Every structure is written in C-alpha cells, then in structure tokens.
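Have a look at the structure below, then the notes.
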Amino acid sequence: MKHARYIVNPGDSIFKIAKAYNVEMAEIIQLNHLKHPDRIYAGQVLLLPFPESCEPPSGPPAGPTPIQIPEPTYTYAMWLYEAYAGKDSELTAITTYLYQAVLLDRPEFDALLRPIAYDEMQHLEKLALALRHLGVDPKYGSLSNGHWVDWRSRYVNYTSDLCSLLESNMEGEARDHREYLELAQKIPIPEIQCILTEMAADEERHYHLFCQAKQQYCSEGSACPPPPCSPPPLYTPMDEPEPVIVLPGPHEGGKG
C-alpha cells in the first residue's frame, strides 16, 4: 500500500476527502490515528492510502482541491518547521527570552535579552518566508512522523536561576548555529541557504553575548569557547589586509 500526503484545506472533512479520492473513511481515520475525525483543521497533514496497482488521480477530483507536498519538498519543510516553531525553535527562543527579561527585571538584562529576542523574531519571519517559498503554510507548529503538532507553551524554558538560564541560552544558540549550517548544506535552494547562513551568524553572535554575561555575573573568568561548528559554513569571509602604499620620502623619488 502506497501513501500520499495531503494538506487539509478550509472546509474539508474526512467524508469529502474520502469521496474525492475514492477511499474509505475508516482507512483514513485508522492510518492517521484520528481520535476525533470531525475535528480536522486547515493545514493538517493527512496520509491517504493508495493501492500498489493504482496511481493517485492525475486530474482534480470532484471534491476539495488537494495540496500535496512532494519529496524532497516535504523533508525540507519538515526540517524548517522544526526550526520555525518546533520544541527548540525560534518561536520558543522568542518567548523564553522575553519571559527571562520580565522575570529578571533589571535594565542590564533587558539590554541583553530584548535585542536578541528581536533578532529571533526576524529569524521567525525569515523562516516563514522560506516555508512560503516551499509552498506550505507557515503555521506555528511542526511535523512529526507525518502528523502536525502545534507549538506548545511548555516548550518555554522557565528556569529562574540566572547562571542556569544563561548556560541554557548558550547551549541553545550553539545548537542553532550548528543546525542552521547543517541545513544550509542539506537544502540545495540558494534563497533558503542564504537565509540559514545569515541566521547562523546571528546565533554565533548571541552565543558570545550570553557567554560574556555568564562571565560577568557568574564569576567565571575563562574565555568563551567557540560554538561547535559542524559542518563548516558555506561561506567564510576572509579578512584581507588592506594594501599598503609606500610613498617616497621627502628626499626620495629622484632629482627634482
């Protein structure tokens, strides 16, 4: 049995989808483990069964218009959704940093956390544009084994200890820096690669800001180690020395 992925449209129901694709409602419900088949929602990803001897319909069905995510676009979207609004995502970082700024309630931590949260908001928007570039809906959630999972508030790190939260923030930024570079290697779309490499550079900068704060407020004088970088970035700017122009001295340069 082959399976096709289908994204639910507004107004869809299991009955309409089953009728449009000539499959049994019970098959769709069982295949997708739907506890409440009457509560499907727009943007939800469903698996539809197709017998080995049959091909998915080539023309538009009589019922709802299907929106399927073909490979490799589905895999790319799955990776980006996780970075966008999964457990360890930009949406989680934004809410965590704003929570920390309010919790700590000191000007120096506002000055640290709020600009970084704003950077993460820009990342969120960039990932939304990347998802739209793939032709999918930038809803807040992620795909897990073909099932849609909404973003949850329990993803926020509610640690209140200053040194613990700074350490957690460092780990998160180092992880994001590494994963964005890896995604830039795996997704061969120049527009998305550009977004990911730019975001990786921001995450490295955030890592060092949190590391400096930990050195200042947690009595740790050791230098900040660089964040793990695997694989190397696609583009590494090189600092080339400026050309030195040697001018003749006041008594050089030949006879006047």
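The C-terminal position of the sequence shown is numbered 256 in the UniProt record's numbering, with every residue numbered one higher than the one before it.
Ideal Cβ positions, reconstructed from N, Cα and C, are used throughout, including at glycine.
Values in this document were obtained by computation on a predicted structure and should not be read as measured data.
Asked: Beta-carbon contacts of Ile119 that lie in its chain and below 6 Å, excluding the five residues immediately before and after; Found: In the sequence on display, residue 119 carries Asp and not Ile. Asp202.
Asked: Three-state secondary structure assigned by DSSP to Tyr6; Found: strand
Asked: Element boundaries [beta strand (DSSP E), containing His147]; Found: His147 to Asp150
Asked: Ser164, enclosing beta strand (DSSP E) - first and last residue; Found: It is not in any beta strand (DSSP E) - Ser164 instead sits in the alpha helix (DSSP H) that spans Leu162 to Lys186.
Asked: Cβ-based burial, Leu48 [other Cβ within 10 Å; buried from 16]; Found: buried
Asked: Residues near Leu112 by beta carbon distance below 7 Å, same chain, minus five either side; Found: Leu209 and Ala213
Asked: CB of Leu80 within 8 Å of CB of Leu131, strictly; Found: yes
Asked: Backbone CA spacing between Asn22 and Tyr76 [nearest angstrom]; Found: 29 Å
Asked: Whether Arg5 touches Val45 by CB criterion (8 Å); Found: yes
Asked: 8 Å Cβ shell around Tyr97 - same chain, five flanking residues per side excluded; Found: Leu113, Arg114, Ile116, Ala117, Glu120 and Asn169
Asked: Leu143 to Met78 span [Cα, whole Å]; Found: 6 Å
Asked: Three-state secondary structure (DSSP) of Ser13; Found: coil
Asked: Alpha-carbon spacing of Val102 relative to Glu108, whole angstroms; Found: 12 Å
Asked: Limits of the beta strand (DSSP E) - the one that Leu143 falls within; Found: Gly141 to Ser144
Asked: Cys218 versus Lys186 - alpha carbon distance; Found: 38 Å
Asked: Alpha-carbon spacing of Gly225 relative to Leu124, whole angstroms; Found: Looking at the sequence provided, one finds Pro at residue 225 rather than Gly. About 27 Å.
Asked: Same chain, Cβ closer than 6 Å to Tyr155, five either side skipped, listed in chain order; Found: Lys87 and Thr92
Asked: Distance between beta carbons of Ala85 and Tyr140, contact taken as under 8 Å; Found: 4 Å
Asked: Local Cβ density within 10 Å of Ala42, reported as buried at 16 or more and exposed below that; Found: exposed
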